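K.L.:
Below you'll find the structure I mean.
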Amino acid sequence: MTDNLNGGDSSSGQDDDLDVELVVVTLTFDAKPNDSDNATLLGVLSKYIVLTRMEDGCRNVDLCSSVTEPGRHLIVQKWFSDEMQQTHFDSELMVEMAHACQGLLASAPDIDLWEATSAHDLR
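Number 106 in my numbering belongs to position 62 of the sequence shown; there are no gaps in the numbering.
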């Protein structure tokens, strides 16, 4: 998807140099059902979020914790391109986070790639 950074309509031809591809990825983690694993997992994910925000191509990344499912945590990442997102997924930072999660999760994390829909696309 192409999104315009200044909020303009990319189809208008205005500010085409600001058009970017937006890649959205979600990662859902379920901690083992005890407080110490959940607290440790939150520490691992928080560190990962802080460091990911410094990665080249990261537009935004957030960590959310479920109110209805204790121990469930969601990371939402937005990247400027497929290549930048893939470079991050292949990075040492991602590998380090995966290793740090070992033994803390009830199951493998659910990772999904999303297509962003702009309000400009809804005509």
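Backbone N, C-alpha and C fix where the C-beta goes; we use that ideal spot for every residue, glycine too.
Note that the coordinates shown come from a computational prediction; the quantities given were computed from them, not determined experimentally.
Specify the secondary structure class of D156 as computed by DSSP and reduced to three states.
P.N.:
DSSP places D156 in strand when its eight states are reduced to three.
K.L.:
By how many angstroms is the C-alpha of L85 removed from the C-alpha of E99?
P.N.:
Rounded to whole angstroms, E99 to L85 spans 21 Å at the Cα level.
K.L.:
With Q129 as the anchor, note down where its alpha helix (DSSP H) starts and where it stops.
P.N.:
First-last of the alpha helix (DSSP H) with Q129: D126 to F133.
K.L.:
Is it the case that the Cβ atoms of V105 and Q121 are separated by a distance below 9 Å?
P.N.:
Contact: yes.
K.L.:
Can you give me the C-alpha to C-alpha distance between V111 and H117, rounded to a whole angstrom?
P.N.:
Cα-Cα distance, rounded: 10 Å.
K.L.:
Measuring only the C-alpha atoms, how far is M141 from L71?
P.N.:
Roughly 12 Å between the two C-alpha positions.
K.L.:
Which of the three DSSP states, helix, strand or coil, is assigned to V68?
P.N.:
If DSSP states are grouped into helix, strand and coil, V68 belongs with the strands.
K.L.:
Looking at C-alpha atoms only, which residue of A160, D134, L148 and D79 is the closest neighbour of V88?
P.N.:
When only C-alpha atoms are compared, the closest one is L148.
K.L.:
In three-state DSSP terms, what is A75?
P.N.:
Correct three-state label for A75: strand.
K.L.:
So what's L149 in DSSP terms, helix, strand or just coil?
P.N.:
Correct three-state label for L149: strand.
K.L.:
Going by DSSP, name the residue or residues bridged to I119.
P.N.:
Looking at the DSSP assignment, I119 forms a beta bridge with L71 and L107.
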